[in-house]
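K.L.:
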Amino acid sequence: MMEQFAIPRNIIAAAHPRMPEAAREAQAFATFFESRGLTARHGLLDDASLRNQVKSGEFDMLVAVGGDGTMLRAAHLCAPCGVPILGVNLGRLGFLIQVGREEWQEYFSRLLTGDFWLEKRMMLRTEHWRAGEAQGNWHALNEAVICRGQFIRPVHISASVDERLLANYVADGLIAATPTGSTAYALAAGGPILPPELRNILLVPIAPHLSVDRAVVLAEGASVGIQLHNEGGGVLSVDGQTPVGLDEKDIVKIRSGDYSADFVRFGDPDYFYRNLTSRMNQNPSMTNNP
918 MMEQFAIPRN
928 IIAAAHPRMP
938 EAAREAQAFA
948 TFFESRGLTA
958 RHGLLDDASL
968 RNQVKSGEFD
978 MLVAVGGDGT
988 MLRAAHLCAP
998 CGVPILGVNL
1008 GRLGFLIQVG
1018 REEWQEYFSR
1028 LLTGDFWLEK
1038 RMMLRTEHWR
1048 AGEAQGNWHA
1058 LNEAVICRGQ
1068 FIRPVHISAS
1078 VDERLLANYV
1088 ADGLIAATPT
1098 GSTAYALAAG
1108 GPILPPELRN
1118 ILLVPIAPHL
1128 SVDRAVVLAE
1138 GASVGIQLHN
1148 EGGGVLSVDG
1158 QTPVGLDEKD
1168 IVKIRSGDYS
1178 ADFVRFGDPD
1188 YFYRNLTSRM
1198 NQNPSMTNNP
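918 is the number of the first residue of the sequence shown in my numbering; add one for each residue after it.
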């Protein structure tokens, strides 16, 4: 979904906390914006003071400096308070990022003339339920994964859509992904690539054993219930964060999120396919092919 947005006046450049070069670039970005008459600051994305300032509405845009992991961190911070995110890629692939480290001045100049648009990316709301009681909830930009824990054996999982049984799985796990997440873990597990403007949940089994082995794209607005049936339990991981332990009969409920992540984009929406093609061609196994 495309949306217009006013030219930002207060910008924070936030760097990945474990990339020293990202911190240096963030400082350079802030200096650039200040030289153009804007209010700009820089810092690390995990800094508590920075995060509180973003949440309190002190900034109207965040420049995320790093890779796709940095964009995930930024989305978790910015989406609840509606702060748009502009990514600058210092990482390897950068599926979520349009601006490279060598071209940021060109794109920042376009930003300050209003030559940009906002892309709204669907997020997932994930809830953990045990014996009818909610244990916690999280929002994901990429995916929620229900999978085996410390035991090296498949887990037994049932998935329901809008409270009607869809399938039973015997697998290493099951991924519930957004269109954004279709280029992440779901892609590695053999799922399809969905364009970012869709608002559909994608279900992809991980290493299924004699059970359903196809990905399923659900209708927009559908909700999912995933229940674990093996005695050994399993884990829930949301966007690769610290896993949460699951017991037998626990249920993970997933639906479209309460808010979206807003990404700053330039040019036409076909950027996604151009970005995708260039990133896929970086696969080392493709280097000897014409």
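For glycine and all other residues, C-beta sits at the position ideal for the given N, C-alpha and C.
(1) Drop a sphere of 10 angstroms on the beta-carbon of Tyr1190, count the other beta-carbons inside from all chains shown, and report buried for 16 or more, exposed for fewer.
(2) Output the distance between the C-alpha atoms of Pro1122 and Ala1088, rounded to the nearest integer angstrom.
(3) Counting Cβ pairs closer than 8 Å, one from the segment 924-937 and one from the segment 981-990, do we hit at least three?
(4) Is the separation between the beta-carbon of Asp1156 and that of Ala1057 shorter than 7 Å?
(5) Determine the DSSP secondary structure at Arg1191, reduced to helix, strand or coil.
(6) CA-CA distance, Ser1077 and Ala940?
(7) Grouping DSSP H, G and I as helix and E and B as strand, with all else coil, what is Lys1166?
(8) Around the Cβ of Pro1096, are there at least 16 other Cβ atoms within 10 angstroms (buried) or fewer (exposed)?
(9) Which residue marks the beginning of the beta strand (DSSP E) containing Ser1077, and which one marks its end?
(10) Does Ser1099 pass the burial test, meaning 16 or more other C-beta atoms within 10 Å, or should it be called exposed?
(11) Quick one: grab the DSSP three-state call for Gly912.
(12) Starting from the Cα of Asn1085, find the closest Cα among Ile924, Gly1008, Arg1131, Ala945 and give me that residue.
(13) Beta strand (DSSP E) containing Gln1052: first to last residue?
(14) Report the three-state DSSP secondary structure of Asn1122 (helix, strand or coil).
(15) Pairs of beta-carbons, one from the segment 1067-1074 and one from the segment 1097-1116, closer than 8 Å: are there three or more?
(16) Give the C-beta separation of Val1182 and Gln1015 to the nearest angstrom, bearing in mind that I take them to be a contact with Cβ-Cβ under 8 Å.
(17) Quick one: is Ser1177 buried, meaning 16 or more other Cβ sit within 10 Å of its Cβ, or exposed?
(18) If you count every other CB in all the chains shown that lies within 10 Å of the CB of Ile924, and 16 or more means buried, which is it?
(19) Mapping the DSSP letters down to three states, classify Gly1107 as helix, strand or coil.
(20) Do the CB positions of Gly1208 and Ile1063 come within less than 7 Å of each other?
(21) Considering just the uninterrupted stretch of the beta strand (DSSP E) at Ser1177, what are its terminal residues?
(22) Give the C-beta separation of Ala1139 and Ile1118 to the nearest angstrom, bearing in mind that I take them to be a contact with Cβ-Cβ under 8 Å.
(23) Run the CB neighbour count on Ser1026, radius 10 Å, all protein chains shown included, and call it buried at 16 or more, exposed below.
(24) Have a look at the DSSP bridge pairing and note the partners of Lys972.
(25) Since I believe Leu994 is in contact with Arg968 (beta carbons under 8 Å), could you give me their beta-carbon distance rounded to a whole number of angstroms?
(26) When you compare only the Cα positions, how much space is there between Val1152 and Val1169?
P.N.:
Working from what's here:
(1) What you label residue 1190 is simply residue 273 of the sequence shown in a count that begins at 1. Taking every protein chain shown into account, the CB of Tyr1190 has fewer than 16 other CB atoms within 10 angstroms, so this residue is exposed.
(2) As a position in the sequence shown, residue 1122 is number 205, starting the count at 1. As a position in the sequence shown, residue 1088 is number 171, starting the count at 1. One alpha carbon belongs to Pro1122, the other to Ala1088, and they sit about 7 Å apart.
(3) Because the criterion of three Cβ pairs below 8 Å is met, the segment 924-937 and the segment 981-990 touch.
(4) Taking the sequence shown and counting its residues from 1, the one referred to as residue 1156 is at position 239. Taking the sequence shown and counting its residues from 1, the one referred to as residue 1057 is at position 140. Yes, Cβ-Cβ distance for Asp1156 and Ala1057 is below 7 Å.
(5) As a position in the sequence shown, residue 1191 is number 274, starting the count at 1. Arg1191: helix per DSSP, three-state reduction.
(6) In the sequence shown, counting from the first residue as 1, residue 1077 sits at position 160. In the sequence shown, counting from the first residue as 1, residue 940 sits at position 23. The alpha-carbon atoms of Ser1077 and Ala940 are separated by roughly 44 Å.
(7) The residue you call residue 1166 lines up with position 249 of the sequence shown. Note: Lys1166 maps to coil in three-state DSSP.
(8) For the purposes of this step, residue 1096 is identified with residue 179 of the sequence shown, where counting begins at 1. By the neighbour-count criterion, in which a residue is buried when 16 or more other Cβ atoms sit within 10 angstroms of its Cβ, Pro1096 is buried.
(9) Residue numbering aside, residue 1077 sits at position 160 when the sequence shown is read from its first letter. In this chain, the beta strand (DSSP E) harbouring Ser1077 covers 1072-1078.
(10) Within the sequence shown, residue 1099 is the residue found at index 182, counting from 1. Ser1099 is buried by the Cβ-count criterion.
(11) What is shown of the chain runs 918 to 1207, which leaves residue 912 out entirely.
(12) Within the sequence shown, the letter at position 168 stands for residue 1085. The shortest CA-to-CA distance from Asn1085 to any of Ile924, Gly1008, Arg1131, Ala945 is the one to Arg1131.
(13) For this step, residue 1052 is matched to residue 135 along the sequence shown. Start and end: 1050-1057.
(14) Against the sequence shown, residue 1122 aligns to sequence position 205. A small correction: the amino acid at residue 1122 is Pro; Asn does not occupy that position in the sequence shown. Strand.
(15) Too few Cβ pairs lie closer than 8 Å, so no.
(16) Start at 1 with the first residue of the sequence shown, and residue 1182 comes out as number 265. Start at 1 with the first residue of the sequence shown, and residue 1015 comes out as number 98. Sequence inspection shows Arg at residue 1182; the Val mentioned does not correspond to that position. The pair is a contact, with the Cβ atoms about 6 Å apart (cut-off 8 Å).
(17) As a first step, residue 1177 is located in the sequence shown; it is residue number 260 there, counting from the start. Taking every protein chain shown into account, the CB of Ser1177 has 16 or more other CB atoms within 10 angstroms, so this residue is buried.
(18) The residue you call residue 924 lines up with position 7 of the sequence shown. Ile924 comes out exposed.
(19) The count along the sequence shown starts at 1 and reaches residue 1107 at position 190. Residue state, collapsed to three classes: coil.
(20) Summary: the structure shown does not reach residue 1208, with the chain confined to residues 918 through 1207, and so no result is reported for it.
(21) Looking up residue 1177 in the sequence shown gives position 260. Unbroken run through Ser1177: none, as it is neither H nor E.
(22) Working through the sequence shown from its first residue, we reach residue 1139 at position 222. Working through the sequence shown from its first residue, we reach residue 1118 at position 201. Confirmed, about 6 Å.
(23) Within the sequence shown, residue 1026 is the residue found at index 109, counting from 1. Its Cβ having fewer than 16 others within 10 Å, Ser1026 is exposed.
(24) As a position in the sequence shown, residue 972 is number 55, starting the count at 1. Beta-bridge pairing by DSSP links Lys972 to no other residue.
(25) Working through the sequence shown from its first residue, we reach residue 968 at position 51. Working through the sequence shown from its first residue, we reach residue 994 at position 77. Yes, Arg968 and Leu994 are in contact; Cβ-Cβ is about 6 Å, under 8 Å.
(26) On the sequence shown, position 235 is the one that residue 1152 refers to. On the sequence shown, position 252 is the one that residue 1169 refers to. Going by the C-alpha atoms only, they are around 10 Å apart.
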